[in-house]
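One structure below.
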Ligand code: CP
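Numbering (our numbering), first residue to last: 468 to 800.
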């Protein structure tokens, strides 16, 4: 009997399984570069459901499906009954009866959880209010490609420590045994349930997962400096509040001068590092701020790897889809 495998929560996976996905992503990148076919999902039909905007995730799933020999259909909430005329539960059953795998980028984690329980096919979490798990495989693939190893890495996240990306980074570091410091104000930290999860995972792996209000101190041992937009998707109305809370956590030339060794800069994108965006223009007009979570002198420096990260979304999403739905071996030790 077919039992679907999902990629929903990072904590559903062991260290060995995450490492396998990262290494498999690197392998698939090489196959693509050498134009070697890898149609692990030949003949499958994949649904890509979005109730939020996306450039990287959407493009990566469309191209990954094609390269894996599958057909993808993008279903945007405004065009379908899901969440309006039809319940999440009924939608999960309907889509699951037609498609071989379903990716969801949705506003609430419990929507993805309902699909996992009810759809009967592989479900991939394309980002929710709580988690951004597929981003992590691309991010740690990027770190592995650059340094060749996770040994002696220290990830420092500067910004909103309660965001889906920050929490996903903490949980991934905790599973993989990588040290991480989050530079954020006290009011922007994970909730107690998430802190307990991180504590359990890090006590098993030996990772040190800490917080520091002072970004200059937090970055000292960094080998990776990571930041994200100051207001996550769906929190745009909090931008004003977030700027007050996070301005001192901006990643700029002065901040990175406190790093003692080699480092790379990472950002999951999109970035509001300049005023080319609607929000950026608004903030510039209102506050006279030209640059937000990262300044151009870091974003455009040789240390910056955000566009490699973006490309790696393609290879890592392929690895996730092929491993969960392509009947490949995934270690569980
Ligand atoms: N990093 C990321 O998820 O990008 P998109 O929102 O463009 O998909």
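Ideal Cβ placement from N, Cα and C applies to all residues, glycine included.
The structure displayed is predicted, hence computed values, not measured ones.
Closer than 7 Å: residue i CB and nearest the ligand CP heavy atom
{"i": "residue 548", "result": "no"}
{"i": "residue 594", "result": "yes"}
{"i": "residue 640", "result": "no"}
{"i": "residue 492", "result": "no"}
{"i": "residue 422", "result": "Any property of residue 422 remains undetermined from this structure, which presents the chain solely from 468 to 800."}
{"i": "residue 694", "result": "no"}
{"i": "residue 854", "result": "Outside the displayed range of the chain (468 to 800) lies residue 854, so it cannot be described from this structure."}
{"i": "residue 630", "result": "no"}
{"i": "residue 654", "result": "no"}
{"i": "residue 524", "result": "yes"}
{"i": "residue 769", "result": "no"}
{"i": "residue 736", "result": "yes"}
{"i": "residue 576", "result": "no"}
{"i": "residue 539", "result": "no"}
{"i": "residue 651", "result": "no"}
{"i": "residue 602", "result": "yes"}
{"i": "residue 521", "result": "yes"}
Whole-Å CB distance - residue i paired with residue j, under 8 Å assumed
{"i": "residue 638", "j": "residue 664", "result": "7 Å"}
{"i": "residue 560", "j": "residue 736", "result": "Rounded, the Cβ-Cβ distance is 34 Å, inconsistent with contact."}
{"i": "residue 716", "j": "residue 626", "result": "5 Å"}
{"i": "residue 581", "j": "residue 555", "result": "5 Å"}
{"i": "residue 499", "j": "residue 534", "result": "7 Å"}
{"i": "residue 574", "j": "residue 701", "result": "6 Å"}
{"i": "residue 609", "j": "residue 633", "result": "Not quite, the Cβ-Cβ distance comes to about 17 Å (not below 8 Å), so this is no contact."}
Residue i burial status per 10 Å Cβ neighbour count (16 or more: buried)
{"i": "residue 780", "result": "buried"}
{"i": "residue 469", "result": "exposed"}
{"i": "residue 792", "result": "buried"}
{"i": "residue 682", "result": "buried"}
{"i": "residue 758", "result": "buried"}
{"i": "residue 776", "result": "buried"}
{"i": "residue 667", "result": "exposed"}
{"i": "residue 800", "result": "For residue 800, the pLDDT reaches just 43, beneath the cut-off of 50, and the residue's location in the model is therefore unreliable, although a value from the coordinates is still provided. Under this definition residue 800 is an exposed residue."}
{"i": "residue 670", "result": "exposed"}
{"i": "residue 696", "result": "buried"}
{"i": "residue 753", "result": "exposed"}
{"i": "residue 497", "result": "exposed"}
{"i": "residue 538", "result": "exposed"}
{"i": "residue 502", "result": "exposed"}
{"i": "residue 658", "result": "exposed"}
{"i": "residue 653", "result": "exposed"}
{"i": "residue 774", "result": "exposed"}
Residues near residue i in its chain [Cβ-Cβ closer than 6 Å; skip 5 each side]
{"i": "residue 521", "result": "572"}
{"i": "residue 471", "result": "588, 589"}
{"i": "residue 819", "result": "Limits of the chain in this structure are 468 at one end and 800 at the other, which puts residue 819 out of reach."}
{"i": "residue 570", "result": "515, 528, 591, 593"}
{"i": "residue 651", "result": "628"}
{"i": "residue 511", "result": "537, 567"}
{"i": "residue 541", "result": "515"}
{"i": "residue 705", "result": "698"}
{"i": "residue 480", "result": "none"}
Close-in-space but distant-in-sequence residues of the same chain around residue i (CB under 7 Å, 5 per side omitted)
{"i": "residue 645", "result": "617, 620, 622, 674"}
{"i": "residue 689", "result": "621, 623, 726, 730"}
{"i": "residue 722", "result": "682, 683, 686"}
{"i": "residue 755", "result": "none"}
{"i": "residue 771", "result": "732, 765"}
{"i": "residue 531", "result": "781, 784, 785, 788"}
{"i": "residue 562", "result": "514, 569, 586"}
{"i": "residue 604", "result": "488, 489, 492, 783, 786, 787"}
Own chain partners of residue i with C-beta closer than 8 Å, once the 5 adjacent residues on each side are dropped
{"i": "residue 478", "result": "638, 642, 664, 668"}
{"i": "residue 583", "result": "473, 475, 590"}
{"i": "residue 739", "result": "696, 697, 746, 747, 750, 759, 760"}
{"i": "residue 718", "result": "625, 692, 694, 732, 760, 761, 762, 765"}
Any non-hydrogen atom of the ligand MG within 7 Å of residue i CB
{"i": "residue 717", "result": "Among the ligands present in this structure, namely the ligand CP, the ligand MG is not found."}
Neighbour flag for residue i against chain C, beta carbons, 8 Å
{"i": "residue 646", "result": "Looking at the structure shown, chain C is missing, and only one protein chain is on hand."}
| request: Evaluate contact between the region 732-741 and the region 669-679, counting only Cβ atoms and requiring at least three cross-stretch pairs below 8 Å. | output: Between the region 732-741 and the region 669-679, the count of C-beta pairs closer than 8 Å stays below three; the two stretches do not touch.
| said: Using a Cβ distance threshold of 8 Å, determine whether the region 511-524 contacts the region 634-648, with at least three qualifying pairs required. | reply: Touching, no, given that fewer than three Cβ pairs across the two stretches are closer than 8 Å.
| said: Three or more C-beta pairs under 8 Å: does that hold for the region 583-599 against the region 610-620? | reply: The region 583-599, when compared against the region 610-620, does not touch it at the 8 Å Cβ threshold.
| message | Between the region 549-556 and the region 757-777, can you find at least three pairs of beta-carbon atoms closer than 8 Å? | response | Taking a cut-off of 8 Å on C-beta distances, the region 757-777 does not touch the region 549-556, as fewer than three cross pairs fall below it.
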